[in-house]
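Protein chains: 2
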Amino acid sequence: MQMDMTAIRQKFQEKQYKFTPQRQTILQAFADHGDRHLSAEEVHGIVKQKTADIGLATVYRTLEILSELDILQKNDFGDGRNRYEVSAANMTHHHHHLICLSCHAVKEFEDDLLETLECAIAKKSDFLIVDHHLKFYGYCQDCRTKHE
Amino acid sequence: MQMDMTAIRQKFQEKQYKFTPQRQTILQAFADHGDRHLSAEEVHGIVKQKTADIGLATVYRTLEILSELDILQKNDFGDGRNRYEVSAANMTHHHHHLICLSCHAVKEFEDDLLETLECAIAKKSDFLIVDHHLKFYGYCQDCRTKHE
DNA sequence: CTTAGTGCAAAACCTTTGCAACTCT
DNA sequence: AGAGTTGCAAAGGTTTTGCACTAAG
Chain R
0 MQMDMTAIRQ KFQEKQYKFT PQRQTILQAF ADHGDRHLSA EEVHGIVKQK TADIGLATVY
60 RTLEILSELD ILQKNDFGDG RNRYEVSAAN MTHHHHHLIC LSCHAVKEFE DDLLETLECA
120 IAKKSDFLIV DHHLKFYGYC QDCRTKHE
Chain Z
0 MQMDMTAIRQ KFQEKQYKFT PQRQTILQAF ADHGDRHLSA EEVHGIVKQK TADIGLATVY
60 RTLEILSELD ILQKNDFGDG RNRYEVSAAN MTHHHHHLIC LSCHAVKEFE DDLLETLECA
120 IAKKSDFLIV DHHLKFYGYC QDCRTKHE
């Protein structure tokens, strides 16, 4: 997955955050595994294999910053830990999640239909809406066939 | 908020769960505060004031059961704990949440438009969809005026 | 140089679990 | 009577924090 490093570096500068090697490495982990929803522990595992021995605390602190800068999106899929993915703001399409209540598999689907609803809600509610998350819960094909 | 106790009692029987005084008290807490999104700790506080001294572990176990029976809905609004409210299944309209990123206020809005989308997704994705959660993130009126 | 970031270990937090005593059905 | 439930305390797992040390701008 490609990321606009110039734009990211700029976001760091705006907030006067330093673009340290550790932070770059963590960002690289998402460039390499942009398709997955990584937990802090998983990110820690990936960067550890790769090169440096980055502390878990640093991973947490970096994920926090990357979420704040809207580079990553923090997700809770109900498995007891937060999971991160490259933010919707950096993608052409919004996408949402289908979560299997049985095996916790997460499938994605694209969506452009919600913008209309978002505008309508914003007008009625006095909220300045900057993002939305839509999750569908159910049972995936595999679990349904197994269960029979 | 009114709840159909007969229906609830029946759901308990179907799964052979006992309808103990503790569970009734916890349910009552939601009848009394059905408008709020209660955390386990808050429920514990409410029932403790009220009468019995119910253990926190029991609260957690009961909330788990009530979610499983689809009487309550478990929510994560990003403040580090789960919050429960009377389930959409027991309401006439689905409702969703507007979450203020600044003060964590949660505002609700109703929605009936999503059923169409849900059907379309279900067909394409091989998922048996049983529920959906839609959250909008932004900044509420109060925080926007304060910030200026 | 100065301010922010790192690593480690300890602490904080929410949630779950083991177990003996207890109580609905 | 018997299976399920409770309360307590301890354990579990994730995330945060204090602090001395290090490094980026």
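Chains as they are written, first to last, in numbering that gives the first Met the number 0: chain R, 0 to 147; chain Z, 0 to 147.
Backbone N, C-alpha and C fix where the C-beta goes; we use that ideal spot for every residue, glycine too.
Being a predicted model, the structure only gives us computed values, none of them experimental.
The three-state secondary structure of residue 38 of chain R, taken from DSSP, is strand.
A direct Cα-Cα distance of roughly 45 Å separates residue 18 of chain Z from residue 115 of chain R. Three or more Cβ pairs drawn from the region 23 to 33 of chain Z and the region 60 to 80 of chain Z lie within less than 8 Å of each other, which places the two stretches in contact. For residue 130 of chain R, the residues of chain Z that pass the 8 Å Cβ criterion are 135, 136 and 137, in the order they occur in the chain. Out of R:12, R:80 and R:106, the CA that lies nearest to the CA of residue 140 of chain R is found in R:106. In the displayed model, residue 137 of chain Z falls within a strand according to three-state DSSP.
In the DSSP assignment, residue 98 of chain R falls outside any alpha helix (DSSP H) and lies within the beta strand (DSSP E) extending over 93 to 99. At least one beta carbon of chain R lies nearer than 8 Å to the beta carbon of residue 124 of chain Z. In this structure, Z:78 is the residue among Z:70, Z:69, Z:71 and Z:78 with its C-alpha nearest to the C-alpha of residue 73 of chain R.
Contiguous alpha helix (DSSP H) elements confined to the region 9 to 81 of chain Z occur at 20 to 31, 39 to 49 and 55 to 67, taking only those with 4 or more residues. Relative to residue 110 of chain R, the option among R:95, R:9 and R:36 whose CA is nearest is R:95. Residue contact with chain R for residue 11 of chain Z: absent (no Cβ-Cβ distance below 8 Å to any residue of chain R). Within the DSSP bridge table, the entry for residue 85 of chain Z names Z:71 as partners. The beta-carbon distance between residue 143 of chain Z and residue 113 of chain R, rounded to whole angstroms, is 22 Å. This is too long to meet the 8 Å contact definition.
Shown in chain order are the members of the region 60 to 81 of chain Z whose Cβ falls below 7 Å from a Cβ of chain R: 75.
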